[in-house]
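Trainee: Numbering (the numbering used here), first residue to last: 262 to 571.
The structure is given below, and queries will be raised subsequently.
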Ligand SMILES: [Zn+2]
């Protein structure tokens with residue numbers, strides 16, 4: 262085991278063109294290496310890797326294969342609209358398969374024992390995508406695909422997903438809740454988009470911990486509640502892999518959320534999860550970008566997150 266952290270992305274993630282004025286734009290991703298270059302020690306310390314493209318079969322570990330093909334065909338035809346705020350462009354197939362593939366590469370690296378901790382700077386985000394439809398800026402559930410890949414291809418017994426994006430990871434929940442050995446903890450603003458994720462919604466296997474909280478609470482309440490629920494979800498359940506849906510729209514000032522987290526909280530949450538992963542599973546932790554719509558804050562948060570992973 263090494264102490265390196267992999268920073269995984271793919272140039273194709275920039276090819277998903279959402280159109281003028283859309284909050285989920287390529288500038289979000291570009292902000293990350295820009296912020297990283299301002300932290301030269303960290304820039305030198307992380308392993309910069311370009312991920313692979315996930316195959317259609319790999320994406321179909323979590324999605325309906327007809328839906329997967331329909332996204333490819335829509336992109337091949339030049340693009341179109343999947344829902345009111347979710348679009349595909351000609352480059353979206355390359356982007357979405359690269360986004361999912363980066364997270365799969367990170368799982369491979371973690372299981373090979375080489376680089377146990379990774380941050381994947383990917384777009385489009387994934388945690389709202391449903392089995393047979395895109396939703397909420399998301400085409401494919403990058404983290405849910407990785408969870409099924411870990412379970413069914415890599416034969417891991419237990420996977421934990423922690424989602425701190427300000428929005429409920431409704432897609433992730435829908436894609437993993439039938440597997441009792443994938444536990445999902447999502448903290449999100451309530452009431453807020455997409456309207457799902459009540460505390461009483463534990464999924465059919467009671468493997469889901471939803472943590473809905475109002476906007477504007479003291480920062481430490483969010484940190485404390487998320488960690489309390491992570492500990493509840495892992496009582497009697499030792500994960501072999503921790504996946505993080507790192508949405509930085511839970512930071513104060515995000516245009517699409519009302520949570521109050523600051524950089525110190527990103528650092529604290531990251532360290533707490535990495536420390537638990539150290540006890541559970543030799544430190545295997547794979548984090549993937551979800552939301553975050555103030556690009557400068559997103560860049561700083563991603564750097565803070567990687568520094569804490571290191
Ligand atoms: Zn979000």
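Each residue gets a CB set at the ideal place from its N, CA and C atoms; glycine is no exception.
Verify the contact flag: residue 393, CB atom, against every heavy atom of ligand 1, threshold strictly below 7 Å.
Mentor: Because no heavy atom of ligand 1 lies under 7 Å away, the Cβ of residue 393 does not count as near it: no.
Trainee: What is the residue span of the beta strand (DSSP E) that residue 396 lies within?
Mentor: Note, residue 396: premise wrong, no beta strand (DSSP E); not H, not E.
Trainee: State yes or no: is the C-beta of residue 288 nearer than 7 Å to some heavy atom of ligand 1?
Mentor: For ligand 1, not one heavy atom lies less than 7 Å from the Cβ of residue 288.
Trainee: Could you tell me if the beta carbon of residue 428 falls within a distance shorter than 7 Å of some heavy atom in ligand 1?
Mentor: It does: the Cβ of residue 428 is within 7 Å (strictly closer) of some heavy atom of ligand 1.
Trainee: Use the C-beta contact count for residue 465: other C-beta atoms within 10 angstroms, 16 or more gives buried, fewer gives exposed.
Mentor: When all chains shown are included, residue 465 counts as exposed.
Trainee: Based on Cα-Cα distance, which residue from 417, 504, 529 and 502 lies nearest to residue 481?
Mentor: Taking only the C-alpha atoms, the option nearest residue 481 is 529.
Trainee: With the cut-off set at 8 Å, would you say residue 289 and residue 559 are in Cβ contact?
Mentor: The answer is yes: Cβ separation under 8 Å.
Trainee: Rounded to whole angstroms, what's the CA-CA distance from residue 335 to residue 349? Just pull it up for me.
Mentor: Answer to the nearest angstrom: the Cα atoms are 7 Å apart.
Trainee: Does ligand 1 have even one heavy atom less than 7 Å from the beta-carbon of residue 337?
Mentor: No; taking the cut-off as 7 Å, the Cβ of residue 337 has no heavy atom of ligand 1 nearer than that.
Trainee: Applying the criterion that 16 or more other CB atoms from any shown protein chain within 10 Å of the CB defines a buried residue, is residue 499 buried or exposed?
Mentor: It is exposed - the Cβ of residue 499 has fewer than 16 other Cβ atoms within 10 Å.
Trainee: Please work out which residues of its chain come closer than 8 Å, Cβ to Cβ, to residue 535, disregarding the five sequence neighbours upstream and downstream, and give them in chain order.
Mentor: Around residue 535: 378, 544, 546, 569 and 570.
Trainee: Report yes if the C-beta distance between residue 347 and residue 396 is below 8 Å; otherwise report no.
Mentor: Yes. Within cutoff.
Trainee: Can you tell me which of 521, 369, 344 and 339 puts its alpha carbon nearest to the alpha carbon of residue 415?
Mentor: Considering only alpha carbons, the answer is 369.
Trainee: Going straight from the alpha carbon of residue 204 to that of residue 473, what length do you get?
Mentor: The requested residue 204 does not occur in the structure, where the chain is confined to residues 262 to 571.
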